[in-house]
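A.B. asks:
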Amino acid sequence: MNFLGHIYFSNGDPELMHANLFGDFVKGRNLDRYLPKVREGIILHRKIDSYIGQHPGVRELMFRLSPSLPKVAGIAVDIYFDHFLAIHWQDFHAEPLTSFLETFYGHRINEEHYPDELFLQTLFRLKKGRWLSGYAHLDGIEGACIGVSRRISFPNSLMNGRMVLEDNYKLVEEAFFNYMDDAIPYFNSYFRTNEES
1 MNFLGHIYFS NGDPELMHAN LFGDFVKGRN LDRYLPKVRE GIILHRKIDS YIGQHPGVRE
61 LMFRLSPSLP KVAGIAVDIY FDHFLAIHWQ DFHAEPLTSF LETFYGHRIN EEHYPDELFL
121 QTLFRLKKGR WLSGYAHLDG IEGACIGVSR RISFPNSLMN GRMVLEDNYK LVEEAFFNYM
181 DDAIPYFNSY FRTNEES
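Here the sequence shown stands for residues 1 to 197, where the numbers follow this note's numbering.
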């Protein structure tokens, strides 16, 4: 999942939400330089990426979309799932999406704990532009696809991501719900296990 999915699966903890997003900017296995909460977020980010990448329904969806989105179907699915999480938010969270996002937007981190300038710049732009608030709209998804497409180092068709979503809307929506049916209990169990250990 993309930004919204990662913060959704952060157990309602604003600092963990930020540490989770930071995980996308961290390479390697040695995380000793980071504070415990930041390490927890990096590990969670990788767990989310691994889980969605191995989910059978998601893999089938990526296969179905690959002819239209060669090499970037997985990236598109991450963005698409954020769209469906946004429009069906009330099915998955008791707090309205607007107030949930305001809590996230308003949380201030200690930048010294996140030593990566690209992450801090991205976080600043994300919050200033209220990117996540636009995921419920196809215009927001189009903007996300175009933005990510430009950052990919090879020629790609993600610029067409909105059109591909519109052409496969019900297919992607069904795959999203199937994924969430499995992911929610999985991550609930993940957090319970971590709290008990």
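Backbone N, C-alpha and C fix where the C-beta goes; we use that ideal spot for every residue, glycine too.
For K170, which of I75, S66, Y80, D49 has the nearest alpha-carbon?
C.D. replies: For the purposes of this step, residue 170 is identified with residue 170 of the sequence shown, where counting begins at 1. It is Y80 whose Cα lies nearest to the Cα of K170.
A.B. asks: Judging by CA-CA distance, which residue of N2, F9, L16 is the nearest neighbour of H107?
C.D. replies: As a first step, residue 107 is located in the sequence shown; it is residue number 107 there, counting from the start. The shortest C-alpha separation from H107 is found at L16.
A.B. asks: Could you tell me which uninterrupted alpha helix (DSSP H) segments, each at least 4 residues in length, are contained entirely in the segment 132-189, listed from first to last along the chain?
C.D. replies: Whole alpha helix (DSSP H) segments, 4+ residues: 138-151, 161-167.
A.B. asks: Where does K127 fall in DSSP's three states?
C.D. replies: Along the sequence shown, read from residue 1 onward, the residue named residue 127 stands at position 127. K127: helix per DSSP, three-state reduction.
A.B. asks: Would you call R150 buried or exposed, if buried means 16 or more other Cβ atoms sit within 10 Å of its Cβ?
C.D. replies: Locating residue 150 in the sequence shown gives position 150, counting from the first residue. R150 should be labelled exposed.
A.B. asks: Tell me which residues share the same chain as Y8 and place their Cβ nearer than 8 Å to its Cβ, disregarding the 5 neighbours each side in the sequence.
C.D. replies: Sequence index remark: in the sequence shown, residue 8 carries index 8 (1-based). Counting only Cβ-Cβ distances below 8 Å, and skipping sequence neighbours, we find M1, L85, F92, H93.
A.B. asks: Assuming S157 contacts L69 (C-beta within less than 8 Å), just tell me the rounded distance between them.
C.D. replies: For this step, residue 157 is matched to residue 157 along the sequence shown. For this step, residue 69 is matched to residue 69 along the sequence shown. Going by Cβ atoms, the distance from S157 to L69 rounds to 5 Å, so yes, they are a contact pair.
A.B. asks: With H, G and I counted as helix, E and B as strand and the rest as coil, what does DSSP make of F92?
C.D. replies: Counting from one through the sequence shown, the residue named residue 92 turns up at place 92. Three-state result, F92: coil.
A.B. asks: How far does the alpha helix (DSSP H) with K47 in it reach, from first residue to last?
C.D. replies: Within the sequence shown, numbered from 1, the residue matching residue 47 stands at position 47. It spans 36-54 - the alpha helix (DSSP H) in which K47 sits, taken as one unbroken run.
A.B. asks: Roughly how many angstroms lie between the CA atoms of P67 and V164, to the nearest whole one?
C.D. replies: Residue mapping note: residue 67 aligns to position 67 of the sequence shown, counting from 1. Residue mapping note: residue 164 aligns to position 164 of the sequence shown, counting from 1. Cα to Cα, the separation comes out at about 10 Å.
A.B. asks: Take the Cβ of H6 as the centre, count every other Cβ of all protein chains shown within 10 Å, and call the residue buried at 16 or more, exposed below.
C.D. replies: Counting from one through the sequence shown, the residue named residue 6 turns up at place 6. So H6 ends up on the buried side.
A.B. asks: Measuring alpha carbon to alpha carbon, tell me which residue in D116, Y135, P56, H83 is nearest L21.
C.D. replies: Taking the first residue of the sequence shown as 1, we reach residue 21 at position 21. Selected option, being the one with the closest Cα: D116.
A.B. asks: From what residue to what residue does the alpha helix (DSSP H) around P14 run?
C.D. replies: On the sequence shown, position 14 is the one that residue 14 refers to. Here the alpha helix (DSSP H) through P14 covers 14-22.
A.B. asks: Looking only at C-alpha atoms, which of D82, E195, G53 sits nearest to A136?
C.D. replies: Position 136 of the sequence shown, counted from the start, is the residue given in the question as residue 136. Answer by Cα proximity: D82.
A.B. asks: Taking all protein chains shown into account, do 16 or more other C-beta atoms lie within 10 angstroms of the C-beta of I152, making it buried, or fewer, making it exposed?
C.D. replies: Position 152 of the sequence shown, counted from the start, is the residue given in the question as residue 152. The residue in question, I152, is exposed, as its Cβ has fewer than 16 Cβ neighbours within 10 Å.
A.B. asks: Using beta-carbon positions only, say whether A73 and G41 come within less than 8 Å of one another.
C.D. replies: For this step, residue 73 is matched to residue 73 along the sequence shown. For this step, residue 41 is matched to residue 41 along the sequence shown. Going by C-beta atoms, A73 is not nearer than 8 Å to G41.
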